[in-house]
Structures are given as structure tokens and as C-alpha cells.
Amino acid sequence: MSLRVQVVGSSGAAPLEGACSAFALSDAENVVLLDCGPGALERLWQLGLLTRLEAIVISHMHADHILDLLLLAGEVVRASLPRRPQLYVPAEHGPTVLLGLDRAFARSEDQPDRFAATFNVLEYGADDTLAVAGLTLTFAPTAHAQPCFAARASDGRASLVYGADGGPSSALEELARDCDLLILEATYAEDEAEAAANGHMTAPMAGELAARAGARRLLLTHLLPGDHEEIRRLACERFSGPVALARSGDEYDVGSG
């Protein structure tokens with residue numbers, strides 16, 4: 001079966017118009033989740049993906065990309081998982097944040113670490129290659145406010161690149177080279193100063209990077225409340241291929257045109 005991606009959540013900063021960042025890569029049996037922002041857990045349940053969860057790969061430890069890990073690792077959800085998923089987090093910073101979250105919400109000092117009890121927690125860095133559920137994942141650092149990694153996933157036939165958060169960079173462009181589907185943030189419409197100050201991208205930046213990388217298709221995510229069709233229009237001015245807005249529940253066959 002071909003590589004497919006389902007949009008679980010695409011809102012930026014807060015789940016005001018739906019769940020925050022979360023994308024499910026799947027085949028007939030397994031799901032690999034890229035990020036797990038607030039609102040993602042409910043959507044995973046509704047979409048029937050939770051019981052197929054094989055692994056979660058976290059791009060960076062900002063709240064809008066990780067908060068539903070806290071509830072996913074709770075006793076109620078843990079009991080419904082048929083397997084112990086792998087949880088990949090950025091080296092050093094990732095485990096530190098998980099430990100802080102666990103201690104902040106622990107009922108008692110001797111309560112077992114909820115993340116260690118639920119997941120096989122593993123660290124990764126920019127130079128690592130992961131083999132997960134029939135996929136090969138490689139990474140590149142992004143231009144963001146804390147250690148953040150874009151991911152390229154391939155099943156040997158098709159490739160998808162998830163840019164996570166961050167402004168345009170040569171590392172991200174190279175990771176995205178000739179990919180079948182490029183998922184990029186378009187946090188701001190045209191405010192380049194605001195985007196640069198916060199380590200994000202505008203819609204024209206996303207379109208231009210997709211064009212330079214030679215991507216086949218572009219999917220825009222990390223969207224703030226506003227005129228999303230204008231966001232898409234601005235990206236289309238810089239990229240001549242198909243451009244879509246990430247909407248929860250939408251599914252894409254990565255290898256198809």
C-alpha cells in the first residue's frame with residue numbers, strides 16, 4: 001500500500017480553529033504521527049488512528065506541538081493502546097521537557113513517569129536516520145527559536161517532507177529536494193518582519209521554498225485564524241504546482257500527482 005498522510009491538526013499556536021500540529025503517516029496497519037499538538041488526541045480517536053499508533057516523532061518541544069502527549073500518556077488512554085509506541089524527541093532538550101511536564105502534573109512524588117510508562121522514549125538529532133514502520137526518516141534543523149527538526153519520510157517510492165516550524169533555510173530546502181509532498185508552515189500572510197522575529201514563515205516564503213526545492217505539491221499548515229484562502233493565493237504566486245490548505249481529516253496519497 002502506498003504512503004498516505006492524514007491531517008490530524010493544522011492550527012498554529014492554539015487550537016482555536018481545530019487541533020494544532022499533527023500529521024499521521026500510515027499504511028494499512030501502522031500509524032507514525034508527526035507532532036502531537038493540543039486537540040490531536042480527540043482527532044486521532046475520531047479518525048480511528050489511535051489503536052494503530054506505532055510511533056510519534058516530535059519536531060520540537062513547543063506547547064502547540066506536544067501538549068496532547070500529556071493526555072495520551074494518561075492511564076485512560078494508555079489502557080486502550082494495543083502496543084507501546086515509540087516516542088522520538090529531540091536529543092537532550094526533549095527528555096528535559098518531558099520530565100518537567102510529568103513532574104508538574106504528577107499526583108504524588110513517587111508516581112511513575114507517565115511518559116516512560118506509556119512510550120519507549122528515544123532521542124534523535126539532525127544527523128540520525130530512523131527506520132520506523134516501514135518508513136525511513138531523515139532530518140534537518142530549522143530556523144526556529146529552539147531545537148527544531150524538519151523530517152523527510154520515505155517508503156522507498158514516495159517522499160514527504162514536514163517542515164515543522166521555522167523560516168526558510170538552505171538545510172530545509174535541501175531536505176525537501178524533489179519531494180512528492182511538502183508540508184510547510186504559512187503562519188503569516190506577508191509580514192516578513194514578524195515572521196523573522198518569531199522564527200516562522202510567510203505564505204510567499206513557503207511558495208518560494210517549494211519552488212526552489214522542486215517539490216511536486218505544497219500543503220500549507222500552522223495556520224492562524226484569518227483568511228486562509230488569501231494565504232493559499234499568496235503561496236500560489238511563488239509556486240506553480242498544486243497548493244492546498246491543511247484541513248483536519250483530509251488525506252493525501254503521497255505518491256500520486
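To convert, note that position 35 of the sequence shown is 35 in the numbering used here; the numbers rise steadily by one, no gaps. All C-beta atoms in this analysis are idealised placements derived from N, C-alpha and C, irrespective of residue type, glycine included. Please read these numbers as outputs of a predicted model, since none were measured by experiment.
- Shown here for leucine 122: same chain residues with a beta carbon closer than 8 Å to its own, the five before and five after excluded, namely Gln86, Leu87, Tyr88 and Val89 in chain order.
- In this structure the segment 190-202 lies against the segment 146-166, because at least three pairs of beta carbons, one per stretch, are closer than 8 Å.
- Taking 3 residues as the shortest admissible run, the segment 183-222 contains the following complete beta strand (DSSP E) segments, listed from N- to C-terminal end: 218-221.
- Under the Cβ criterion (8 Å, minimum of three pairs), the segment 38-46 counts as touching the segment 8-23.
- Taking 9 Å as the cut-off, the beta carbon of glycine 249 is found no closer than this to the beta carbon of arginine 216.
- The distance from the Cβ of phenylalanine 115 to that of aspartate 102 is about 6 Å, consistent with a contact at the 8 Å cut-off.
- Cβ contact annotation for glycine 125 (same chain, cutoff 6 Å, sequence separation greater than five): Ala91, in chain order.
- Per DSSP, reduced to three states, the secondary structure at valine 76 is helical.
- In the same chain as proline 95, and ignoring 5 residues on each side of it, the C-beta atoms closer than 8 Å to its own belong to Val89, Val121 and Glu123, in chain order.
- With fewer than 16 other Cβ atoms from the protein chains shown falling within 10 Å of its own Cβ, valine 76 counts as exposed.
- With respect to the 9 Å criterion, serine 21 and histidine 65 are classified as neighbours on the basis of their beta carbons.
- When the Cα atoms are used, leucine 72 and alanine 195 turn out to be separated by approximately 31 Å.
- Counting along the chain, arginine 114 sits inside the alpha helix (DSSP H) bounded by residues 114-118.
- Nearest to leucine 175 by alpha-carbon distance, out of Arg152, Glu29, Glu192 and Arg78, is Arg152.
- Note on geometry: alpha-carbon atoms of leucine 49 and valine 31 lie some 7 Å from one another.
- Rounded to the nearest whole angstrom, the CA to CA distance from alanine 106 to leucine 81 is 21 Å.
- Spatial neighbours of tyrosine 188 in its own chain (CB-CB distance under 7 Å, excluding positions within 5 residues in sequence) are listed in chain order as Glu194, Ala195, His200 and Thr202.
- Taken through DSSP and simplified to helix, strand or coil, aspartate 253 comes out as strand.
- Restricted to the segment 41-97, the alpha helix (DSSP H) segments that are unbroken, complete and at least 4 residues in length are 63-66, 68-72 and 75-78, listed in chain order.
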